[in-house]
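Residue 158 in this note's numbering sits at position 156 of the sequence shown; the count goes up by one each step and never skips. Glycine included, C-beta positions come from ideal geometry on N, C-alpha and C. First comes the structure, then the notes that go with it.
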Amino acid sequence: MKKFFVVATVCLTAVFCCGCGEKQTHKMQSVDTAMGTVIQQNIYTTDSGSKDTEEILALLSGLEEQELSRRLDTSEVWKVNDSAGWEEGSMLSSELAEILERCLNVWQQSEGAFDVTLGPVVSLWDIDGWAAGEREGSFSLPEDRLLRDALGRCGSGKIQLKDRRFFLPEGMMLDLGAVGKGIGLDRILDYLEGNEEITGAIISVGGSVLTFGEKPDESTWKVGITNPADTSANIGVLSLEGQWCISTSGDYERYVELDGVRYHHIIDPATGYPADSGVSGVTVLAKDGFLSDALSTACFILGPEKGMPLAERYGAEVLFVSRDGRVQMSEGMKKYFHKS
Ligand code: AMP
Ligand code: MG
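Next up, the structure:
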């Protein structure tokens, strides 16, 4: 069982001299927690008094507390879930309506593998509790009867979204855990693009990473891909220029073990059990965070045979690490991947 750890904020500033007449670039670094995960920021800026790392952290906390959380009663998703069964439905913000439209699109394209209505099943497995270490030593499998009942209350085919009016049937529950971090990257990207002083950044929100602009020495951004069999090591590195979003879904990120079997947090909607496609880790490279995050979850459930064409349909690149350590990747990914 993995435990969350709290990391104090450390802001370091290093100054890079960029030649005569040019403004100096400062490197702002911080490690914090937000959205229930670790946020690592490296920002290059010409503003020596920059508060960017704090502002980005506040932006992520706001996203969780006011929009996406399934557990906090301050969020829009909580309120929408609370409205389940209302005949008149509920009116969504334009942001959440757009997010749900995109989720429904990936649900269709993935033949139901990606499904943000799995809330009742995710809740029954107590996946959020694993992250907090609440179930250590006391985990037991959900009863079959309860799992069947929860699965019966899932399915994106049962929800309706007309413009911004949303109908969620009684007993159903949205869970946007599969895209929250990616949406976080998209909001961070908007922030970075709106700040001229920022010349480059690499920011990770849990298993999702955003690269932006360039480093003062013009070298490429390096994003390590974790070895699922030994999470202290990488199987390789992506070497990237400019702006990208990279998301990884892995069976080592959140799990519990019982009688030698690992139960992880990515659920196959066809069974209600952790997905069993032979894959241990999937990394997706895309231009936007929503897509990289949604597709990494979908591809994990589908495996390489169906996941590879799915990523291709969205213009994304994908890399699979199977349980036996085999690595398979899309043609486009080969340009960026360097084996460790
Ligand atoms: P990720 O780590 O991005 O792959 O997202 C995993 C999280 O998404 C889980 O902790 C659940 O909250 C949620 N989830 C699990 N299975 C699915 C699925 N099949 N479709 C959509 N969301 C899921
Ligand atoms: Mg995801």
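Measuring from the CB of residue i, is there a heavy atom of the ligand AMP at a distance below 7 Å?
| i | result |
| --- | --- |
| Ala-115 | yes |
| His-1 | There is simply no residue 1 to check, as the chain begins at 3 and stops at 342 in what is shown. |
| Asp-54 | no |
| Asp-278 | no |
| Phe-302 | yes |
| His-267 | yes |
| Ile-161 | no |
| Asp-290 | no |
| Leu-149 | no |
| Pro-271 | yes |
Out of the options, point me to the one whose CA is closest to residue i's CA.
| i | options | result |
| --- | --- | --- |
| Gly-196 | Met-37, Ser-32 and Glu-57 | Glu-57 |
| Lys-317 | Val-323, Leu-304, Ser-92 and Asp-290 | Note that residue 317 corresponds to Gly in the displayed sequence, not to Lys. It is Asp-290. |
| Gly-262 | Ser-142, Thr-228 and Trp-223 | Ser-142 |
| Met-174 | Leu-65, Gln-162 and Arg-256 | Gln-162 |
| Pro-171 | Cys-156, Val-181 and Asp-278 | Cys-156 |
| Arg-104 | Val-239, Val-181 and Trp-88 | Val-181 |
| Lys-341 | Lys-308, Val-225 and Ile-185 | Val-225 |
| Arg-150 | Gly-305, Cys-301, Glu-319 and Gly-274 | Gly-274 |
| Ser-50 | Asn-44, Gln-26 and Ile-237 | Gln-26 |
| Thr-222 | Ser-241, Asn-107, Leu-74 and Glu-90 | Ser-241 |
| Asn-236 | Leu-260, Gly-283 and Pro-311 | Gly-283 |
| Lys-53 | Glu-199, Asp-177 and Gly-87 | Glu-199 |
| Gly-179 | Leu-148, Leu-191, Gly-280 and Ile-129 | Ile-129 |
Is any heavy atom in the ligand MG found nearer than 7 Å to the beta carbon of residue i?
| i | result |
| --- | --- |
| Thr-39 | no |
| Asp-253 | no |
| Ala-296 | yes |
| Val-108 | no |
| Ala-180 | yes |
| Thr-299 | yes |
| Ser-206 | no |
| Ser-249 | yes |
For the alpha helix (DSSP H) that contains residue i, what are its first and last residues?
| i | result |
| --- | --- |
| Ala-152 | 146-154 |
| Asp-54 | 54-64 |
| Lys-341 | Run containing Lys-341: none in the alpha helix (DSSP H); it sits in the beta strand (DSSP E), 339-341. |
| Asp-84 | 78-84 |
Would you mind reading off the limits of the beta strand (DSSP E) that contains residue i?
| i | result |
| --- | --- |
| Lys-224 | 223-229 |
| Asp-34 | 27-36 |
| Gly-51 | Careful: Gly-51 lies outside any beta strand (DSSP E) and carries neither H nor E. |
| Gln-391 | No answer is possible for residue 391: the residues shown for the chain start at 3 and end at 342. |
| Leu-70 | Taken as a continuous stretch (DSSP letters only), Leu-70 belongs to no beta strand (DSSP E), as it is neither H nor E. |
| Gly-238 | 232-242 |
| Ser-249 | 246-252 |
Can residue i and residue j be called in contact, C-beta distance under 8 Å?
| i | j | result |
| --- | --- | --- |
| Cys-247 | Leu-187 | yes |
| Ser-249 | Gly-209 | yes |
| Pro-271 | Ala-115 | yes |
| Leu-106 | Ser-158 | yes |
| Gly-309 | Ala-300 | yes |
| Asn-83 | Gly-121 | yes |
Cβ of residue i within 7 Å of any heavy atom in the ligand GTP?
| i | result |
| --- | --- |
| Ala-231 | Because the ligand GTP does not appear in the structure shown, any question about it cannot be addressed here, the ligands present being the ligand AMP and the ligand MG. |
Item to check | Complete runs of the beta strand (DSSP E) confined to the region 160-212 [at least 3 residues] | outcome: For the region 160-212, whole beta strand (DSSP E) runs of length 3 or above, ordered along the chain, are 162-164, 167-169 and 200-207.
Checklist entry - Could you give the uninterrupted runs of the beta strand (DSSP E) lying entirely in the region 87-143, keeping only those of 3 residues or more? => result none
Next on the checklist: At 3 residues or longer, what runs of the beta strand (DSSP E) sit wholly inside the region 254-329?
Outcome noted: Taking only runs of at least 3 residues, the beta strand (DSSP E) segments lying wholly in the region 254-329 are 257-260, 263-266, 281-288 and 319-324.
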